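Reading through the C-alpha cells given below for one structure.
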Amino acid sequence: MELWQNIPFFCILFSLASAAFTSVLPVKHARRTAFIVISAVALMSALLIVKILPTGTSYTYMMGHYPAPWGNEIRAGILEAVTALIFSLIMLFSLFGGLSRLDEHIPDKQNLYYVMLELLLTALLAQIYSNDLFTCYVFVEIMTIAACSLITARSIRSITLVAATRYMLMNLLGSGLFLLGLTLLYDLTGHLLMSNIQEQVTAIAAAGAYQQPLTVVIVLISIGLAIKSALFPFHTWLPDAYGYSTPTSSAVLSSLVSKGYIFLLIKIIYRCIGFEVFASTRITDILFIFGLVGIIMGSVSAIREKDIRRMVSFSSVAQIGYIFMGIGMGSENGMVAAIFHIFAHAAAKSMLFLSTSGLVEVSGDSKMFRDLRGAGYRNPWAGVAFTIGSFSMVGIPFLGGFISKLYFATSAMAMPPESMMLVMLVLAASTILNTIYFLKTVITLYRPPMDGVEYPEFRPAKSFVFAMVCLSAANIALGVCSQPIIEAIRSGLHMFA
Amino acid sequence: MLDNLLINSEEAAAIILFGIGFTTLLLQRNMIKKIIGFGMMDSAIYLFLAAKGYIDGRKAPIVVNGVTEMEAYINPVPSGLVLTGIVVSVSVTALMLALTVRLYRRYHSLDIDEITALSRKEEP
Numbered sequence: 000m001e002l003w004q005n006i007p008f009f010c011i012l013f014s015l016a017s018a019a020f021t022s023v024l025p026v027k028h029a030r031r032t033a034f035i036v037i038s039a040v041a042l043m044s045a046l047l048i049v050k051i052l053p054t055g056t057s058y059t060y061m062m063g064h065y066p067a068p069w070g071n072e073i074r075a076g077i078l079e080a081v082t083a084l085i086f087s088l089i090m091l092f093s094l095f096g097g098l099s100r101l102d103e104h105i106p107d108k109q110n111l112y113y114v115m116l117e118l119l120l121t122a123l124l125a126q127i128y129s130n131d132l133f134t135c136y137v138f139v140e141i142m143t144i145a146a147c148s149l150i151t152a153r154s155i156r157s158i159t160l161v162a163a164t165r166y167m168l169m170n171l172l173g174s175g176l177f178l179l180g181l182t183l184l185y186d187l188t189g190h191l192l193m194s195n196i197q198e199q200v201t202a203i204a205a206a207g208a209y210q211q212p213l214t215v216v217i218v219l220i221s222i223g224l225a226i227k228s229a230l231f232p233f234h235t236w237l238p239d240a241y242g243y244s245t246p247t248s249s250a251v252l253s254s255l256v257s258k259g260y261i262f263l264l265i266k267i268i269y270r271c272i273g274f275e276v277f278a279s280t281r282i283t284d285i286l287f288i289f290g291l292v293g294i295i296m297g298s299v300s301a302i303r304e305k306d307i308r309r310m311v312s313f314s315s316v317a318q319i320g321y322i323f324m325g326i327g328m329g330s331e332n333g334m335v336a337a338i339f340h341i342f343a344h345a346a347a348k349s350m351l352f353l354s355t356s357g358l359v360e361v362s363g364d365s366k367m368f369r370d371l372r373g374a375g376y377r378n379p380w381a382g383v384a385f386t387i388g389s390f391s392m393v394g395i396p397f398l399g400g401f402i403s404k405l406y407f408a409t410s411a412m413a414m415p416p417e418s419m420m421l422v423m424l425v426l427a428a429s430t431i432l433n434t435i436y437f438l439k440t441v442i443t444l445y446r447p448p449m450d451g452v453e454y455p456e457f458r459p460a461k462s463f464v465f466a467m468v469c470l471s472a473a474n475i476a477l478g479v480c481s482q483p484i485i486e487a488i489r490s491g492l493h494m495f496a
Numbered sequence: 058m059l060d061n062l063l064i065n066s067e068e069a070a071a072i073i074l075f076g077i078g079f080t081t082l083l084l085q086r087n088m089i090k091k092i093i094g095f096g097m098m099d100s101a102i103y104l105f106l107a108a109k110g111y112i113d114g115r116k117a118p119i120v121v122n123g124v125t126e127m128e129a130y131i132n133p134v135p136s137g138l139v140l141t142g143i144v145v146s147v148s149v150t151a152l153m154l155a156l157t158v159r160l161y162r163r164y165h166s167l168d169i170d171e172i173t174a175l176s177r178k179e180e181p
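Right under this line is the structure:
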C-alpha cells in the first residue's frame, strides 16, 4: 500500500479530531483551525484525484485488523475524490462568504459553530468514502445533528429553533425508514460491506428469490433518503430552515447537506443493489414523477414568495427535483446528468445564498423585494454574483446549470416517447418559471431605489468579495470546462459497479 | 402465511411497533409524544436486529469457561449494531428534548402546529 492511499482515512480522521480540539479553543483560533482543516481536506482530495486518475481503478482500504467481510472498509475512486474536492471547496467559500456576518449573528460561543462545521465535513467525507452501510447510517445521523445546530446557531427570536425542530422531525422519519431498509438488507444478505451485499443481491435477484423483501428494501432506502434530501412533497421544513439561518449555514445546508444524502443514495444504488436490479423494481418511476412534480411546484412556490431568501430556498426544491428526475430516468446518462447537477447546483446555490445576504445587508436588513431595489448598485459584488448564480439556475449557456439541463434533455431522448415528451415539457416550463422569478429579482436589484430612502455608504468585506469571485469562477468553470468533469463522473460510475 | 408469521413472531412484532412509532412521530402534534414515537420506532428496529441475531439454544458471545467453539454462541454482529444504534438514538433524543424544552420556555406549548403558528406571527 502506498502512502497516498491513506488520504481518505486521514481526511476523515483529521476533521473529526480537529472538531474535538476546536471545542476548547478560543474563537479566533477555532476559526483559523476550521479554515486550515477545510483547505487541507480540499488539497488532499485534489492530490487524491491526481494519484487515482492514472491508475484508472478504485481501491479499498482496510480499517483496523479485520479483513472483509468482517472489518470496516473505506473505498475511494475518482467520483468520490472529485465529490470530496468540490464539497470541501464549496464549504470553504461558504465560510469565507458568510464570515463578515458571523460575529453579528453568533455573538457568543462561536467556536462551537466551527465544531459543527468540521463535524459536518467529517460526516460528508465518511458518507462519500465509507464502504460499510452501517457506518454510513451513523454518519447520516451525525450530519443531521450537525445541520440542526447550524440552523439554530443564529437565534432570531425563536424562528430558527422552530425551523430546526421541524427539520429534525422530518429527518427522523427519513432516518427511521433508511435504518429499517438497511436492517432488512442486512437480514437478506448477511453482510454490511457494500461489495459483499452486491454479490448477494445479484445472486438473489438472479435466482428470483425474495422479490418482495428486496423491493421493500429498495423502496425504504430510496424514500428515506429522499425525505432527508427534501424531495417534494417532503420539503415543508426547507424554506424556514434555509431562510433564517446565518448565510454560511444556508449555503452549506442547501449545497452540501441535501447533496450528501443524494450522493449516498446513488452510491447505494450502484454499490449495494446494482443499477439493473434497482431499475427493474420501477422505484425509478416514482422518483421520476416526484422529481417532475417537485420541479414545477418548487418554481411555482418560489414565484409566490415576497422574501428573497425564501424564494432562493424554494428554488432549491425545484433543483432537488431535477436531480431526482435524473436518477429516476433509470439510465446511466440520466445519472451522469444528476451528479453533474449536484455539483452545478451546489456551486450556484451557495453563491446565491451568500450574495443574497450581501444584498440584504445593504438594504436595511430587509429581505423583501420592495426594499431590495437598487441593491445591485449598493453592493456591486453581490449583485453581479447573484446575477451569475441566477443565470446558471435558469440555464444560460457558459454556466454550470446549462450543461446539466443539456445533459438531462439528451438523456431524456433515449426514453420512451411519452416520458421524453414529459421531460421536455417540464424542462421548458421550469425554464420559463425560473426565468420569471430569477430575472424579476435581478431587474429589481438594478432598479432605482424608492424615493426618499437613503442608504449609508457600504464597503463589502474582503472575505466576501473573495468568496464571490471564487464561486463565480467555479460556476463559469463548470459551464466552460464541463467535459473533464463529465468524463470523471462517467468513469467514476464505472468504478462503482 | 400464518405459519411464517408465527415462526417470525418477533420480527412481525418489530415491524408493527415500527409502524406505530412511525405514525406517532408523523401524526401526533405533541412534541413529547412525537419523541416517544421516535423512541418506539428505533427500539422496534433494535428488536428486529436482536431477533435476527439470536440462534435458539445458544449463549451470548462472551467467552466464559474457555468455550471457544463457534456453535456455542449467537451472531455478535447484530448486537454490535444495536449498541451503535442505541448510542445514535440516545443523542438524537437528547437533542430533540433540548429543542422541546427551549420551545416550551418560549411559547408555553408543546403543540408543534401551535408553535409554528405563533412563530409565524412574530416573523420580522
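Chains X and W, in that order, are what the protein sequence lines are. Sequential numbering from 0 applies to the first sequence in the numbering used here. Sequential numbering from 58 applies to the second sequence in the numbering used here. Every residue, glycine too, gets a C-beta built ideally from N, C-alpha and C. This one's a predicted model, so the numbers in the text were calculated from it and none came from an experiment.
(1) Would the beta-carbon of L213 of chain X fall within 8 Å of that of A204 of chain X?
(2) Using a Cβ cut-off of 8 Å (strictly closer), state whether I158 of chain X contacts chain A.
(3) Going by other Cβ atoms of all chains shown within 10 Å of its Cβ, with 16 needed for buried, is A152 of chain X buried or exposed?
(4) How far does the alpha helix (DSSP H) with E79 of chain X in it extend, from its first residue to its last?
(5) Whole alpha helix (DSSP H) runs in the stretch 278-312 of chain X with 4 or more residues, listed along the chain?
(6) Provide the residue span of the alpha helix (DSSP H) that contains Y58 of chain X, from first to last.
(7) On the three-pair Cβ rule with 8 Å, is the stretch 107-114 of chain X touching the stretch 7-27 of chain X?
(8) Could you tell me if W69 of chain X is buried or exposed, where buried requires 16 or more neighbouring beta carbons within 10 angstroms of its beta carbon?
(9) Measuring only the C-alpha atoms, how far is V114 of chain X from S176 of chain W?
(10) Please give the ranges of any alpha helix (DSSP H) in the stretch 124-165 of chain X, keeping only runs that are unbroken, at least 4 residues long and fully inside the region.
(11) Taking Cβ-Cβ distances shorter than 7 Å, what residues in chain W pair up with C147 of chain X?
(12) Are G400 of chain X and T245 of chain X touching if we call contact CB-CB under 8 Å?
(13) Under 8 Å, Cβ to Cβ, is there at least one residue of chain X near E67 of chain W?
(14) Check whether chain W comes within 8 Å of V161 of chain X, counting only Cβ atoms and requiring the distance to be less than that.
(15) Could you please give the first and the last residue of the uninterrupted alpha helix (DSSP H) stretch that includes C469 of chain X?
(16) Determine, for T173 of chain W, whether the minimum Cβ-Cβ distance to residues of chain X falls below 8 Å.
(17) Quick check on the burial criterion: 16 or more other C-beta atoms within 10 angstroms. Buried or exposed for S391 of chain X?
(18) By the criterion of Cβ-Cβ separation under 7 Å, what are the contact partners of L83 of chain W in chain X?
(19) Under a Cβ-count criterion, where at least 16 other Cβ atoms within 10 Å of its own Cβ denotes burial, should L181 of chain X be classed as buried or exposed?
(20) Could you name the residues of the same chain whose beta carbon sits closer than 7 Å to that of T82 of chain X, not counting the 5 residues immediately before and after it, in chain order?
(21) Could you compute how far the alpha carbon of V136 of chain X sits from the alpha carbon of S174 of chain X?
(22) With DSSP run on the structure shown, which of helix, strand or coil describes Y65 of chain X?
(23) I'd like the span of the alpha helix (DSSP H) that includes G357 of chain X, first residue to last.
(24) Is DSSP giving I131 of chain W helix, strand or coil here?
(25) Per DSSP, what kind of secondary structure is D107 of chain X in: helix, strand or coil?
(26) Quick one: residues in its chain with C-beta nearer than 8 Å to the C-beta of M167 of chain X, no 5 flanking neighbours on either side, listed in chain order?
(27) Just to confirm, are S157 of chain X and R163 of chain W a CB contact at a threshold of 8 Å?
(28) Under a three-way DSSP split, which group does L192 of chain X fall into?
(29) Just to confirm, is the Cβ distance from I307 of chain X to T440 of chain X under 8 Å?
(30) What's the C-alpha gap between A33 of chain X and K178 of chain W?
(31) For the putative contact between E497 of chain X and S14 of chain X, defined by C-beta atoms under 8 Å, what is the C-beta separation to the nearest angstrom?
(32) If you compare alpha carbons, which of X:G491, X:M43, X:A476, X:G375 is closest to P448 of chain X?
Answer, in terms of the structure:
(1) Translated into the one-based positions of the first sequence, residue 213 of chain X becomes position 214. Translated into the one-based positions of the first sequence, residue 204 of chain X becomes position 205. Yes, Cβ-Cβ distance for L213 of chain X and A204 of chain X is below 8 Å.
(2) Checking the listed chains, one finds no chain A in this structure; the protein chains it contains are X and W.
(3) By one-based count along the first sequence, residue 152 of chain X stands at place 153. Answer is buried; the Cβ neighbour count reaches 16.
(4) One-based indexing of the first sequence puts residue 79 of chain X at position 80. Here the alpha helix (DSSP H) through E79 of chain X covers 77-104.
(5) 282-303
(6) For this step, residue 58 of chain X is matched to residue 59 along the first sequence. Y58 of chain X -> not in any alpha helix (DSSP H); beta strand (DSSP E) instead, spanning 58-62.
(7) yes
(8) Translated into the one-based positions of the first sequence, residue 69 of chain X becomes position 70. Exposed.
(9) The count along the first sequence starts at 1 and reaches residue 114 of chain X at position 115. The count along the second sequence starts at 1 and reaches residue 176 of chain W at position 119. Rounded to whole angstroms, V114 of chain X to S176 of chain W spans 28 Å at the Cα level.
(10) 132-151
(11) Taking the first sequence and counting its residues from 1, the one referred to as residue 147 of chain X is at position 148. Here the neighbours are L152.
(12) In the first sequence, counting from the first residue as 1, residue 400 of chain X sits at position 401. In the first sequence, counting from the first residue as 1, residue 245 of chain X sits at position 246. No.
(13) Numbered from its first residue, the second sequence carries residue 67 of chain W at position 10. Closer than 8 Å: no.
(14) By one-based count along the first sequence, residue 161 of chain X stands at place 162. True, the Cβ-Cβ gap to chain W drops below 8 Å.
(15) In the first sequence, counting from the first residue as 1, residue 469 of chain X sits at position 470. Element bounds for C469 of chain X: 461-479.
(16) In the second sequence, counting from the first residue as 1, residue 173 of chain W sits at position 116. Closer than 8 Å: yes.
(17) Within the first sequence, the letter at position 392 stands for residue 391 of chain X. Answer is buried; the Cβ neighbour count reaches 16.
(18) Here the question's residue 83 of chain W lines up with position 26 in the second sequence. In chain order: L172.
(19) To locate residue 181 of chain X, count along the first sequence from 1; it is residue 182. That one is buried.
(20) Reading the first sequence from its first residue, position 83 is the one you call residue 82 of chain X. I127, F262.
(21) By 1-based counting over the first sequence, the position of residue 136 of chain X is 137. By 1-based counting over the first sequence, the position of residue 174 of chain X is 175. With the sequence shown as reference, residue 136 of chain X is identified as Tyr, and Val is not the correct amino acid for it. Straight-line Cα distance between these residues: approximately 8 Å.
(22) In the first sequence, the residue the question calls residue 65 of chain X occupies position 66. Reduced to three states, the DSSP call for Y65 of chain X is coil.
(23) Counting from 1 along the first sequence, the entry for residue 357 of chain X is found at position 358. That run of the alpha helix (DSSP H) goes 331-360.
(24) In the second sequence, counting from the first residue as 1, residue 131 of chain W sits at position 74. In this structure, I131 of chain W counts as coil in the three-state DSSP scheme.
(25) What you label residue 107 of chain X is simply residue 108 of the first sequence in a count that begins at 1. Residue state, collapsed to three classes: coil.
(26) The count along the first sequence starts at 1 and reaches residue 167 of chain X at position 168. T143, C147, listed in sequence order.
(27) Within the first sequence, numbered from 1, the residue matching residue 157 of chain X stands at position 158. Within the second sequence, numbered from 1, the residue matching residue 163 of chain W stands at position 106. A contact, by the Cβ cut-off of 8 Å.
(28) Along the first sequence, one-based indexing puts residue 192 of chain X at 193. The answer is strand: DSSP assigns L192 of chain X an E or B state.
(29) Within the first sequence, residue 307 of chain X is the residue found at index 308, counting from 1. Within the first sequence, residue 440 of chain X is the residue found at index 441, counting from 1. Yes, Cβ-Cβ distance for I307 of chain X and T440 of chain X is below 8 Å.
(30) Taking the first residue of the first sequence as position 1, residue 33 of chain X is located at position 34. Taking the first residue of the second sequence as position 1, residue 178 of chain W is located at position 121. Distance between the alpha carbons of A33 of chain X and K178 of chain W: 37 Å.
(31) Nothing about residue 497 of chain X can be reported from this structure: the residues present for chain X run from 0 to 496 only.
(32) As a position in the first sequence, residue 448 of chain X is number 449, starting the count at 1. Residue X:G375 is the option with its Cα nearest to P448 of chain X.
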